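Some notes on the structure that comes next.
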Amino acid sequence: MPARHAILGVLMQESLHGYDIDAEFKKGLRRICHITISQIYAYLKSMEEYGWVESELVLQKSNPPKKVFHVTVGGRQEMERWLRTPLETERQLRDELFTKIHFCSLLDPDFLPDLVEQQSALHKERLAVLQKELKHSDEFVRTMILEASHRHTQADYEWLQWVQQRFLAASAGTLPDNKTA
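Per this note's numbering, the very first residue in the sequence shown carries number 5; after that it's consecutive.
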């Protein structure tokens, strides 16, 4: 689930209290991962049970102690596993890939091109399956749904190809100054 991993990614940058994590989401992560403060605390509880995070009570002068969370070795391993696992469906791509991209800098610099390459290959395979299903579909509603899935997958595949070209241009030192191709 991308929310747990988004929280894990925030905590990999620094140990934080739940409200501080919420503040990080308000800075921009909420655009790609929708989560409320109550969900953050629920996820933190389950993540602590999984052994991904640990907490400690930090005393404050004029306020009650606050629970500060930090990532464990198991949490770092889980984050790396999640980041390196390509997404299998169109919905996952939209829901999770942008979260993965946001946190990819937590791994080695070669990670993101590898993920994009894997994603691109999976999308190419998915397109072949959808094209075969479309060719053999003789039911109107099923054909419409397959066509929608095919078009979404095609658009995602083309975007992934564009990203791969940007990586190649960047590594060759020929990336244009503007933000688009």
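For each residue, glycine too, the CB sits at the ideal point set by N, CA and C. Note that the structure is a prediction, hence the values are computed from the model and not measured.
- In chain order, I25, V57, F73, H74, V75 and G79 place their CB closer than 8 angstroms to the CB of L15, counting only its own chain and leaving out the 5 sequence neighbours on each side.
- Closest option to H106, judged by alpha-carbon separation, among K31, S19, Y23 and G22: K31.
- Scanning the segment 30-109 from its first residue to its last, the whole alpha helix (DSSP H) runs of 4-plus residues come out as 41-54, 77-88 and 102-107.
- Around the beta carbon of G177, fewer than 16 other beta carbons sit within 10 angstroms, so the residue counts as exposed.
- Residue environment for P6: buried (at least 16 other C-beta atoms within 10 angstroms of its C-beta).
- Close CB contacts of Y47 within its chain, under the 7 angstroms cut and outside five residues either way in sequence, are with A7, R8 and I11 (chain order).
- Bridge partners of H140 according to DSSP: none are assigned.
- For G13, the enclosing alpha helix (DSSP H) begins and ends at P6 to Q17.
- Taking C-beta atoms as the reference points, L134 and L150 count as a pair closer than 8 angstroms.
- Taking C-beta separations shorter than 8 angstroms and ignoring five residues to either side along the sequence, the partners of H154 in its chain run L131, L134, Q135 and L138, following chain order.
- By alpha-carbon distance to Q165, the top candidate from G22, S141 and L126 is L126.
- At least 8 angstroms separates the beta-carbon of L101 from that of Q122.
- With contacts defined by Cβ atoms closer than 8 angstroms, P117 and F171 form a contacting pair.
- In this structure, DSSP gives L20 an extended state, which the three-state scheme calls strand.
- From the listed residues D142, V120, L179 and E60, the smallest Cα separation to D160 is found for V120.
- In this structure, the alpha-carbon of P68 lies about 17 angstroms from that of Y45.
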